[in-house]
Amino acid sequence: MRTAIANDASPCVEVKQTGPVTVIVMKQPERLNALSPQLLIDLHQSLSMAAQDPHCRCLILTGSGRGFCAGADLSHFNGSDNQEQATDLAATLHETYHPIIRLIRGMEKPVITAINGVAAGAGCSIALAGDIVLAGRSASFIQAFIKLGLIPDAGSTWFVPRAIGRARALQWMMSGEPLDAQTAEQWGLINAVHDDDQLMGAAMSLGCQMAAQATRALAGIKALIDHSSEQDLDEQLGSEARLQGMLGYGQDGREGISAFLHKRPAVFSGD
Numbered sequence: 026m027r028t029a030i031a032n033d034a035s036p037c038v039e040v041k042q043t044g045p046v047t048v049i050v051m052k053q054p055e056r057l058n059a060l061s062p063q064l065l066i067d068l069h070q071s072l073s074m075a076a077q078d079p080h081c082r083c084l085i086l087t088g089s090g091r092g093f094c095a096g097a098d099l100s101h102f103n104g105s106d107n108q109e110q111a112t113d114l115a116a117t118l119h120e121t122y123h124p125i126i127r128l129i130r131g132m133e134k135p136v137i138t139a140i141n142g143v144a145a146g147a148g149c150s151i152a153l154a155g156d157i158v159l160a161g162r163s164a165s166f167i168q169a170f171i172k173l174g175l176i177p178d179a180g181s182t183w184f185v186p187r188a189i190g191r192a193r194a195l196q197w198m199m200s201g202e203p204l205d206a207q208t209a210e211q212w213g214l215i216n217a218v219h220d221d222d223q224l225m226g227a228a229m230s231l232g233c234q235m236a237a238q239a240t241r242a243l244a245g246i247k248a249l250i251d252h253s254s255e256q257d258l259d260e261q262l263g264s265e266a267r268l269q270g271m272l273g274y275g276q277d278g279r280e281g282i283s284a285f286l287h288k289r290p291a292v293f294s295g296d
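Listed below in C-alpha cells is the structure:
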C-alpha cells in the first residue's frame, strides 16, 4: 500500500492508495478535524489529485480519531458586528468550501464517505456530498447553524431535502438538534450503519467492489441522477441515449456486452 501526505509542511490530510481505491483521511483529530484553513487547502489538493489520477477508480473520504469533521474552525472568528465580517462568510464559502463540494459531486468516479463520530456544520455537508454515505454506529449528524443565527451551508440545503424530504429537512435544520446514525439511516439520509470497528472495513469492501465496475458508467450514473431533477422526461431520455451511445462504443461497454454474451465475468479497465 502506497501512502502519501498531501502537504509535508502541514500534514492535515493523509492519502493512502490500495490498488484502485484511494483513501483520504483528515488528520486533525485533536480538533475533531475542524476545517482549518490549512486542512481546507490540503483537502482540496488531495481531492483534485484523486480526481485526476487514472489509477484511482474509487475514493473513500473519512476522518481520524473520534470525529469525521466538526465543521468550520471558528477559532479565528472575532465576532465583529461590522458588514465586512459578514461579507467574509460568503467569500469564504465561495473560495474554499464550494470548490471542495463541487469536486466531490463532480468527480467522475464514486466517492464513499465513511463517517466516524460527529459530522457537524460544513463537515456534515462534506459527508453528505458523498455518493454513498456509510456511518459508524456512534456517528451523529449536526446542523446547528440556527443556534448561531446562521443557515446550513456548503450544500446541505440542497442535499438534505432531496434525501429526506422537505418536512424532515426543515424539522432537523430548524431545531439544530443532532441526528443519530440510526435515525439518519431510517430517514434515508445515509446508506448504511456499521459497528464503529467495522466501518472502514465495510467502506473498503464497497470501494473495491465499485473500483471493479466500469468507471465511466458509474460517472454517467452520478451525472444523470444529479441532473434528473433539472430536466423533464424527454430531456432525461435524450441525456440517457447520448451517454449510452458513447459508452457502447467504449472499451468497457464492448467488454461488458462481450462478457454477457459469452457468459463470463466482465473485466473492466475503467476506459
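In my numbering, the protein residues as written are 26 to 296.
Beta carbons are placed, not taken as given, at the ideal position from N, Cα and C, and that holds for glycine.
These numbers were taken from a predicted model, which means no experiment stands behind them.
- If you ignore the 5 residues before and after MET132, its C-beta comes within less than 6 angstroms of the C-beta of ALA76, all in its own chain and listed in chain order.
- In the assembly as shown, VAL46 is a buried residue. Its beta-carbon has 16 or more other beta-carbons within 10 Å.
- Inter-residue distance for ARG289 and ALA236 is about 19 angstroms (C-alpha atoms, whole angstroms).
- Looking from the CA of ARG130, the closest CA among ILE66, LEU153 and ALA116 belongs to LEU153.
- For ILE126, the enclosing alpha helix (DSSP H) covers residues 123 to 131.
- Under DSSP, THR138 forms a beta bridge with LEU86 and VAL158.
- Just measuring C-alpha positions, the residue of GLY174, ASP205 and VAL218 sitting nearest MET199 is GLY174.
- Taking each of ARG127, GLU202 and SER264 in turn and checking the Cα distance to ALA179, the smallest one comes out for ARG127.
- Comparing C-alpha distances from ASP296 to each of ARG241, ASP257, ARG267 and ARG56 shows the shortest one belongs to ARG241.
- The beta-carbon distance between ALA228 and ALA139, rounded to whole angstroms, is 4 angstroms. This is short enough to meet the 8 angstroms contact definition.
- Check the Cα spacing between CYS81 and each of PRO62, LEU72 and PRO177: the tightest is with LEU72.
- Contact between ASP78 and CYS37 does not hold, since the beta-carbon distance rounds to 19 angstroms and is not under 8 angstroms.
- Going by C-alpha positions, LEU243 is about 18 angstroms away from GLY44.
- Considering only MET271, GLY142 and GLU280, the residue with the shortest C-alpha distance to ARG91 is GLY142.
- Per DSSP, VAL185 has no beta bridge partner at all.
- Nearest Cα to ALA147 within the set SER181, ALA291 and ALA160: SER181.
- Shown here, GLY213 sits in coil according to DSSP, grouped into three states, outside any helix or strand.
- For ILE167, the enclosing beta strand (DSSP E) starts and ends at 165 to 167.
- In this structure, the straight-line span from the alpha carbon of ARG162 to that of TYR274 is close to 43 angstroms.
- By the Cβ rule, the stretch 201 to 218 counts as touching the stretch 162 to 171, because three or more pairs are nearer than 8 angstroms.
- Annotated as distal: LEU60 and GLY88, with beta-carbon spacing of 8 angstroms or more.
- In this structure, the alpha-carbon of GLN223 lies about 30 angstroms from that of GLY245.
- Annotation: the continuous beta strand (DSSP E) that includes ILE49 extends over 46 to 51.
- Its chain contains LEU159 and GLU210 as the residues whose beta carbon lies nearer than 7 angstroms to that of ALA217, once the 5 sequence neighbours on both sides are disregarded; these appear in chain order.
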